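Residue numbers (this note's numbering): 1190 to 1276. Each residue gets a CB set at the ideal place from its N, CA and C atoms; glycine is no exception. Predicted model only: the values in this text are computed from it and were never measured.
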Amino acid sequence: MKNTLMDLNNHLFGALERVNDEELKGDELKAEVDRSKSVIGLGKEIINNARLAVDAEKLRLEYAPGHAKLPGMLESKPDLKAVGNKS
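And the structure:
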């Protein structure tokens, strides 16, 4: 599984859109709210994990300057459509 923080952002906005669907009522709305709460909780943990990776990199830079690199989990996937690959 290779998800990025941008994917998380898209999932969070998707959950927001579903909860804001005015046609959802009763049990369907409750189920969507519960699902959204789960996405939010998991999202917070993913963000905390990413923050930990950034903090660790900052510490590494403090003790080994000149060797900076973005933690792998924070790298974004290339946009294949932007480079001409339509698949």
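From which residue to which residue does the alpha helix (DSSP H) around residue i run?
i: aspartate 1196; result: 1194-1208
Three-state secondary structure (DSSP) at residue i?
i: alanine 1253; result: coil
i: aspartate 1244; result: helix
So residue i and residue j are in contact, right, with Cβ under 8 Å, and what is the actual spacing, rounded?
i: arginine 1240; j: glutamate 1221; result: In fact, because the Cβ distance is near 28 Å, the residues do not count as touching under 8 Å.
i: leucine 1197; j: glycine 1230; result: Rounded, the Cβ-Cβ distance is 12 Å, inconsistent with contact.
i: leucine 1194; j: valine 1228; result: Actually they are not in contact, since the Cβ atoms of leucine 1194 and valine 1228 sit about 14 Å apart, beyond 8 Å.
Query - Any alpha helix (DSSP H) of 4 or more consecutive residues that is wholly inside the segment 1214-1242 - result: none
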